[in-house]
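Here is the structure we will look at.
2 protein chains.
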Amino acid sequence: MDVSKEDELCLISILEALEVVRGKWSILVLTLLSLGPQRFNQMRRQLPNISIKSLTDVLRHLEQHEVINRQVFPTGPVTVEYSLTEKGKAYIPVLREMRIWGDNWVGKSEAH
Amino acid sequence: MDVSKEDELCLISILEALEVVRGKWSILVLTLLSLGPQRFNQMRRQLPNISIKSLTDVLRHLEQHEVINRQVFPTGPVTVEYSLTEKGKAYIPVLREMRIWGDNWVGKSEAH
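These protein sequence lines map, in sequence, to chains A and B. To get the working numbering, take the position in the first sequence, counting from 1, and add 43. To get the working numbering, take the position in the second sequence, counting from 1, and add 43.
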């Protein structure tokens, strides 16, 4: 079965979504920020094995695509806090379904 | 704000889900198969720029994790068809939310 025009649009929407939120780190950063605003080092502590470069790149990419906000507070030294934009908050249903799937199908069926 | 025990479980579930369905190709393969069973070459035609090796690796990974079925029909030459398992079908809500997000936030706001 080849896909129809309608199904092709579905593929395109998902492909577009994947160009913005791509890869494991993007999704984990959004998961953390869905719990509330976070500073760089807070996120780094909570993401297993992420390098400073990877986290910097992911945050910059998500900020450029207007999924997250980067806010600088004039403390000394300055505090930089990241949070979800409206576009980022709209991604939460994806994370919720992913969590449900992980809970129901991976933890159990693949536990060793 | 550091994450609580409950939030940590959320991160773990999502991390587990991402170990099974990881990367752009996995998600696009599941999207195609959510539309119906497909043969290798059908999928290859519909996935932009995927190499034979990448598609083979993704299919093997998803099959090992029991997300997709690989069925061989004794035609001459043999036909190999891929389809979603129950675990794979349970992933469809993630794809659906991703599509909605792509439709609402990427196609429009990032159109150039």
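Yeah, the Cβ is synthetic: ideal placement off N, Cα and C, and Gly gets one too.
Any chain A beta carbon closer than 8 Å to residue i
i, result
"Gly119/B", "no"
"His155/B", "Residue placement at His155/B cannot be trusted, given a pLDDT of 43 that sits under 50; what the coordinates show is reported in the next sentence. No, His155/B lies away from the interface with chain A (no Cβ there is under 8 Å from its Cβ)."
"Leu54/B", "yes"
Counted within 10 angstroms of its Cβ, other Cβ atoms place residue i as buried (16 or more) or exposed
i, result
"Glu59/B", "buried"
"Val121/B", "exposed"
"Glu140/B", "buried"
"Thr118/A", "exposed"
"Arg88/B", "exposed"
"Val63/A", "buried"
"Val37/B", "With chain B running from 44 to 155 in the structure shown, residue 37/B is simply not present."
"Ile70/A", "buried"
"Thr99/B", "exposed"
"His155/B", "With a pLDDT of 43 at His155/B, under the threshold of 50, the predicted position of this residue should be treated as unreliable, and no value is reported."
"Arg103/A", "exposed"
"Ser56/A", "buried"
"Lys48/A", "exposed"
"Lys130/B", "buried"
Residue range of the alpha helix (DSSP H) that includes residue i
i, result
"Val115/A", "Note, Val115/A: premise wrong, no alpha helix (DSSP H); beta strand (DSSP E) at Ile111 to Phe116."
"Ser77/A", "Careful: Ser77/A lies outside any alpha helix (DSSP H) and carries neither H nor E."
"Leu54/A", "Lys48 to Val63"
"His108/A", "Careful: His108/A lies outside any alpha helix (DSSP H) and carries neither H nor E."
"Leu138/A", "Ile135 to Trp144"
"Asn84/B", "Phe83 to Gln89"
Residue-chain proximity (residue i, chain B), Cβ-Cβ < 8 Å
i, result
"Ser126/A", "no"
"Ser152/A", "Residue confidence is low: Ser152/A scores 47 on pLDDT, short of 50, so the model does not pin down where it sits. No coordinate-derived value is stated."
"Lys61/A", "In the sequence under discussion, the amino acid at residue 61/A is Leu, which differs from the Lys named in the question. Chain B, which has a Cβ nearer than 8 Å to the Cβ of Leu61/A, makes this yes."
"Lys48/A", "no"
"Ile156/A", "Outside the shown range of chain A, which is 44 to 155, sits residue 156/A, and nothing can be said about it."
First and last residue of the uninterrupted beta strand (DSSP E) at residue i
i, result
"Leu127/A", "Thr122 to Leu127"
Exercise for the section: Could you name the residues of the segment 129-149 of chain B whose beta carbon sits closer than 7 Å to any beta carbon of chain A, in the order they occur along the chain? Expected result: From the segment 129-149 of chain B, only Lys130, Ala133, Tyr134, Pro136, Val137, Leu138, Glu140, Met141, Arg142, Trp144, Gly145, Asp146, Asn147, Trp148 and Val149 have a Cβ closer than 7 Å to chain A.
Practice task
Check each residue of the segment 66-81 of chain B: if its Cβ is closer than 8 Å to any Cβ of chain A, include it; give the result in chain order.
Solution key: Gly66, Lys67, Ile70, Leu71, Thr74, Leu75, Leu78, Gly79, Pro80 and Gln81: these are the residues of the segment 66-81 of chain B whose beta carbon lies less than 8 Å from some beta carbon of chain A, given in chain order.
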